[in-house]
Each structure stands twice: as C-alpha cells, then as structure tokens.
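In the working numbering, the protein residues as written are 4 to 519.
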C-alpha cells in the first residue's frame, strides 16, 4: 500500500505543479529568481542601449541643411518642425560618424572577453557573486561616462577615447551577467518550468529596450538636469548600484544554499533535476562540448539572432530618424513598440510551449526548433518589407518592425533555454561560449551599418536588411538540422560510487516528500 502511494506521488510530481498551489508557485524562491532576474536584465539592457539613444542628441549634426535637402518632398508632411527638431537634438560634441561607430561598438570589445570566464567562474563559484561584482563596476563606469564625454573642452578625440575605454570596461563587467544567470537557472529550473522561468528572466532585455528608448528622448530634452542627455547615465548608473542590494538579499546559488526556501520546494527541484545540476562544477568537459553538434546549433543561431538584435539595439534610433523621419520624441516612443510586442510574444509563447511539452504534445527538440523558425524566418521577411516602405508611409514601417521584433520573442523559448535542455549543469559555460561568438555581431554591426549607410538613404538601409535576412535564414536552417532537446551524454551526472547508497538517498527523498 505504501509502495503504491509513493509511486502515485512520484507520478504527480512529474506533472509539474500538482504538489503546489498557484500562490505557492508564484511566491516560490525559483520564481523570485526569475522576477529579480527580469529586473536585472532590464537594467542591463537599459544601460547598454543608452549610448545608442544618447549619441543621437549629444553629438552635433555634421550638416543639418544637407540632411534636410536629402529628404524627399513628400516625406516632409508627416513630420512637423523637422528643422527645429533636429536643431534641438543636436548636441555640442563633435564626433564624426566613424568615431560614433567606434563608441557604439566599443562595449562589445570588452563584452566578448568575459563570456567564457563568466560561465566558468559562475559554474565553479556560483553566479550570485560573479554577477554582483560585474554590476558594481558597470554602475560606476556608467556614472562616469558623461564626465569622460565632456573632458578637455574641444579635444573630442580625447573625450571619445575616454568614453570608448569606459564602454570597454562596461562590456567586461557585464559580459559575466548572462552566463551567471544561466548558471543560476540551471540549478533552479525544473524541466517543465524551464521555458517560463527563462523567458520571464531574459525578457527583461526587451523591457530594458522599451524603458530606455521610451524615455531617452525626454532625457535628451531635460536640460535642467546637466544639459539633458547625461541624466541617462547618472540615473541609470545609480539604479544599477542600488539593485546590487536587492540581488544580494534575494538571490542564492542553489536551493540548498537558500535560507528561506521551503523544504517542499527544495525537494521538488532536487527531484525534478535528478541531481544533474546541483553540484558546482569542478571539471568541465570542454572537448566534448566542442564536438557537440547540439552546442554548435546554439552557437550558430545565437550569432544569427544577435546580428539582427545588436543592429536594432545600436542603430534603431538612427533608422527611425534617417528613413522614417521621426523626431527624437516620436523616435523613442515608436522605437519601443517592437520591443513591447517582443515581450508579449516571448512570455505568451513560453507558457504555451511548456504546457505542450508537459502534455507531451510536442517534444522538447521540436518545441525549440519551431520556436527558432518563427523567431528567424518571419522577422527576416518583415525586416526586408520594412526597408521597402515608402517614406511617406512611415507608420507602416513601424508595423513591420513590430512584427519582426515581436516574432523574435520566440527565441527565448528556443536557443536561450536550449542550453539548460542539453546540459543543465553546464548552462553557464555553454551560454558563455555561444555568447562569445554571438558578441562578434555587436562589434561589427555598428561600423558595418555606418559603412553601408553613409547618407542614410532608404536604398542603403535596404541593403542592411537584406544582409540581415540572409543571416537569419542560414541560422534557421543550421539550427533545424542540428538542435537537440535532451541532456547530452557528456552532461549526464556520473553514476554514484555506491549504487545502493544512491538508491537509499532516492528512497529517503521520496519518503520526505510523502511526509510533506
């Protein structure tokens, strides 16, 4: 009788939330990690996007009159006071377009360096401490950025060099963030909650875009606060430092280290993960990782996704200004709409996908591949369409951008979560590896877009979107062929030295759950 009861309880545990009420789930420590992780990613991306927004209003326009002459006559009507809007936006810092490209891309030269070390350190010592150190440094250099930009009067080369140095440091400090979060989620996420927890956490990146793109224009015009644009850096850096206290109080590296977790939740997580990601990593199977097609599928699709994403993050304000002809306030407000759509799609899709996986309607592998096909192919078509919108129908261009970025939200249920499917114990290391490759587009994209759009014409931007779409299609094909959804053999937990002892421990855990 007892044996039948234990077996029934085990089956219920596998059906995700049978042992927890909705309130217990919503207030659980694993979901608290996702809530705080969401705030973390929101701040991270707001501080990453701020330079792309600020540079539009801090740099003096090279030739306003020429810019006006290049605008077709029929495109002047939808935009009121175009001349005055650009005169208001123009700042007093004289960085040419090439120098602006280096300022925008410099972040990624630091960011690429700490991806793999961040994943390794998080796996070895825990993601909590690694991320905390990175955030403290990022907050400080963000606050110092306006001082560097204004340094030495008219010597703008020197000021640009200082800003570039600070942006490199910001990249170095925040390169550890995503690997650290992946490592934490690998220790906390039950398999059938994996999409939801990951997507909620990482959709903070879209919220950060919405936040900064939405309010950036108002910061630019808030001249009472140190001339406007510096407030983006002062306020953002200050919030970053304050968040460190929240992170320290609420986040712990594993359920076993959390002082306030319930015994029920601790046992549920341990049982659902079956010990595959509980211990910190001493020996990482680097060679096996390098030979894994499933890992290379994540790397390739991550690279493809980020080529488009980083182009948007750094250059969307410029596209809205040069092609769609929105002033700085409209630019910011309309730039947020695609990311709002992405946020809604990402979180809605994650719930549907986890339900379908739990009910065995689709396999994990099929779910991840389908998500990435939607996240790449539809945006590829929509972005090409956005490049062909007539300039007097700019709001149609915004609609295509909303479709593109909205469907890109499926990637959170695709490659972003896939690392925890194939190797939950090494999720931080895997994300560090893939994000190293995926940071290259961030280094290349701003300068590439600048080189392809010297005059900011519609035809030049169309070429950008053609290249973008081609990379998306290649990534989708590669991922569809090689992606996997189950734990790889090199990531499985080795058998215990004493099988009887392991069986005894398993029975003990079942008895504890039964008692609860």
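Ideal Cβ positions, reconstructed from N, Cα and C, are used throughout, including at glycine.
As the structure is a computational prediction, the values presented were derived from the model and not from experiment.
Determine which residues share a DSSP beta bridge with residue 59 and list them.
Stepping through the chain shown from its first residue, residue 59 is reached at position 56. Its beta-bridge partners do not exist; DSSP assigns none.
Whole-number beta carbon distance between residue 352 and residue 403, since they are thought to touch under 8 Å
The sequence position of residue 403 within the chain shown is 400, counting from 1. The sequence position of residue 352 within the chain shown is 349, counting from 1. Going by Cβ atoms, the distance from residue 403 to residue 352 rounds to 20 Å, so no, they are not a contact pair.
Buried/exposed call for residue 259, threshold 16 Cβ in 10 Å:
One-based indexing of the chain shown puts residue 259 at position 256. That one is exposed.
Within 8 Å, strictly: CB atoms of residue 200 and residue 350:
Your numbering for residue 200 matches position 197 in the chain shown. Your numbering for residue 350 matches position 347 in the chain shown. Residue 200 places its beta carbon 8 Å or farther from that of residue 350.
Just confirm the distance between the C-beta atoms of residue 325 and residue 459, as a whole number of angstroms; I'd bet it's less than 8 Å.
On the chain shown, residue 325 is found 322 positions in, with the first residue counted as 1. On the chain shown, residue 459 is found 456 positions in, with the first residue counted as 1. So it is a contact: roughly 3 Å between Cβ atoms.
Can you list, in chain order, the residues of its chain whose CB lies under 7 Å from that of residue 452, leaving out five sequence neighbours each side?
Residue 452 sits at position 449 when you count from the first residue of the chain shown. Excluding residues within five positions, the ones whose Cβ falls inside 7 Å are 314, 318, 467.
Taking only heavy atoms of the ligand NAD into account, decide whether any of them is closer than 7 Å to the Cβ of residue 338.
The ligand content of the structure shown is nil, which means the ligand NAD is not present either.
State the CB to CB distance for the pair residue 307 and residue 379, rounded to an integer number of angstroms; the pair is presumed to be in contact (CB under 8 Å).
The residue labelled residue 307 in the question sits at position 304 within the chain shown. The residue labelled residue 379 in the question sits at position 376 within the chain shown. 7 Å between Cβ atoms; contact.
In chain order, what residues of the same chain lie with their CB nearer than 7 Å to the CB of residue 421, ignoring the 5 residues before and after it?
On the chain shown, residue 421 is found 418 positions in, with the first residue counted as 1. Cβ within range, chain order: 301, 371, 486.
Simplified DSSP state of residue 96, which is helix, strand or coil:
Here residue 96 refers to the residue found at position 93 when the chain shown is read from its first residue. Residue 96: strand per DSSP, three-state reduction.
Give the straight-line distance between the Cα atoms of residue 3 and residue 36, rounded to the nearest whole angstrom.
As displayed, the chain neither begins before 4 nor continues past 519, which places residue 3 out of reach and without an answer.
Assign residue 455 to buried or exposed, taking buried as 16 or more other Cβ atoms, counted over all protein chains shown, within 10 Å of its Cβ.
Reading the chain shown from its first residue, position 452 is the one you call residue 455. Under this definition residue 455 is an exposed residue.
By the 10 Å Cβ neighbour count, where 16 or more other Cβ atoms means buried, how is residue 393 classified, buried or exposed?
On the chain shown, residue 393 is found 390 positions in, with the first residue counted as 1. Per the 10 Å Cβ criterion, exposed.
Closest to residue 191 by C-alpha separation, out of 38, 272, 212, 147, would be which residue?
As a first step, residue 191 is located in the chain shown; it is residue number 188 there, counting from the start. Comparing Cα positions, the closest option is 272.
Would you kindly report the start and end of the unbroken alpha helix (DSSP H) that includes residue 187?
For this step, residue 187 is matched to residue 184 along the chain shown. First-last of the alpha helix (DSSP H) with residue 187: 180-191.
Backbone secondary structure at residue 426 - three-state DSSP:
As a first step, residue 426 must be located in the chain shown, where it is residue number 423. Per DSSP, reduced to three states, the secondary structure at residue 426 is coil, with no helix or strand assignment.
Report, in whole angstroms, the separation of the C-beta atoms of residue 166 and residue 106, which I expect to be a contact under 8 Å.
Taking the chain shown and counting its residues from 1, one reaches residue 166 at position 163. Taking the chain shown and counting its residues from 1, one reaches residue 106 at position 103. With 8 Å as the limit, residue 166 and residue 106 qualify as a contact, their Cβ atoms being about 6 Å apart.
In this structure, how does DSSP classify residue 522 when only helix, strand and coil are distinguished?
Because residue 522 is not part of the residues shown, which for the chain are 4 to 519, the question remains open.
Other residues of its chain near residue 232: CB distance less than 8 Å, five sequence neighbours each side excluded:
Numbered from 1 along the chain shown, position 229 holds the residue referred to as residue 232. Within the same chain, residue 232 has close Cβ partners 57, 60, 61, 94, 149, 222, 223.
Would you say residue 239 and residue 472 are within 8 Å of each other, going by their C-beta atoms?
Taking the chain shown and counting its residues from 1, one reaches residue 239 at position 236. Taking the chain shown and counting its residues from 1, one reaches residue 472 at position 469. No, the pair does not count as a contact, with Cβ atoms beyond the cut-off.
Alpha carbon to alpha carbon, how far is residue 489 from residue 427?
Here residue 489 refers to the residue found at position 486 of the chain shown. Here residue 427 refers to the residue found at position 424 of the chain shown. C-alpha separation (whole angstroms): 10 Å.
Do residue 125 and residue 431 come within 8 Å of each other at the CB atom, strictly closer than that value?
Taking the chain shown and counting its residues from 1, the one referred to as residue 431 is at position 428. Taking the chain shown and counting its residues from 1, the one referred to as residue 125 is at position 122. It is a contact, given that the beta carbons lie within the stated cut-off.
Which class does residue 286 belong to by DSSP, given the choice of helix, strand or coil?
Working through the chain shown from its first residue, we reach residue 286 at position 283. Coil, per DSSP.
What do you get for residue 98, buried or exposed, if any count of 16 or more other CB atoms within 10 angstroms of its CB means buried?
In the chain shown, residue 98 corresponds to position 95, counting from 1. It is buried - the Cβ of residue 98 has at least 16 other Cβ atoms within 10 Å.
Nearest-angstrom Cβ-Cβ length linking residue 482 and residue 418, presumed shorter than 8 Å:
Indexing the chain shown from 1 puts residue 482 at position 479. Indexing the chain shown from 1 puts residue 418 at position 415. Yes, residue 482 and residue 418 are in contact; Cβ-Cβ is about 7 Å, under 8 Å.
C-alpha distance - residue 128 paired with residue 363, whole-angstrom precision
Counting from 1 along the chain shown, the entry for residue 128 is found at position 125. Counting from 1 along the chain shown, the entry for residue 363 is found at position 360. Rounded to the nearest angstrom, the gap between the Cα atoms of residue 128 and residue 363 is 36 Å.
What is the DSSP secondary structure of residue 520, reduced to helix, strand or coil?
Here the chain has residues from 4 to 519 only, and residue 520 is not among them.
So, helix, strand or coil for residue 471, using DSSP?
As a position in the chain shown, residue 471 is number 468, starting the count at 1. Helix.
Which of the three DSSP states, helix, strand or coil, is assigned to residue 396?
In the chain shown, counting from the first residue as 1, residue 396 sits at position 393. Here DSSP, grouped into helix, strand and coil, assigns residue 396 to helix.
Between residue 264 and residue 255, what straight-line distance do the alpha-carbon atoms span, to the nearest angstrom?
Within the chain shown, residue 264 is the residue found at index 261, counting from 1. Within the chain shown, residue 255 is the residue found at index 252, counting from 1. Separation of residue 264 and residue 255 (C-alpha to C-alpha, rounded to the nearest whole angstrom) is 10 Å.
CB residue 475 to CB residue 389, shorter than 8 Å?
Numbered from its first residue, the chain shown carries residue 475 at position 472. Numbered from its first residue, the chain shown carries residue 389 at position 386. Taking 8 Å as the Cβ cut-off, residue 475 and residue 389 do not qualify as a contacting pair.
Can you give the Cα-Cα distance for residue 447 and residue 174, rounded to whole angstroms?
Taking the first residue of the chain shown as 1, we reach residue 447 at position 444. Taking the first residue of the chain shown as 1, we reach residue 174 at position 171. Rounded to whole angstroms, the separation of the alpha carbons of residue 174 and residue 447 is 15 Å.
Should residue 243 and residue 145 be called a contact, given that it needs their Cβ atoms to be closer than 8 Å?
Within the chain shown, the letter at position 240 stands for residue 243. Within the chain shown, the letter at position 142 stands for residue 145. Less than 8 Å separates the beta-carbon of residue 243 from that of residue 145.
Consult DSSP for residue 513 and reduce its assignment to one of helix, strand or coil.
Reading the chain shown from its first residue, position 510 is the one you call residue 513. Any reading at residue 513 must be qualified, since the residue scores a pLDDT of 45, below 50, and its modelled position is unreliable; no value is offered.
Is it true that the CB of residue 376 sits closer than 8 Å to the CB of residue 211?
Locating residue 211 in the chain shown gives position 208, counting from the first residue. Locating residue 376 in the chain shown gives position 373, counting from the first residue. No; because the gap between Cβ atoms is not below 8 Å, this pair is not in contact.
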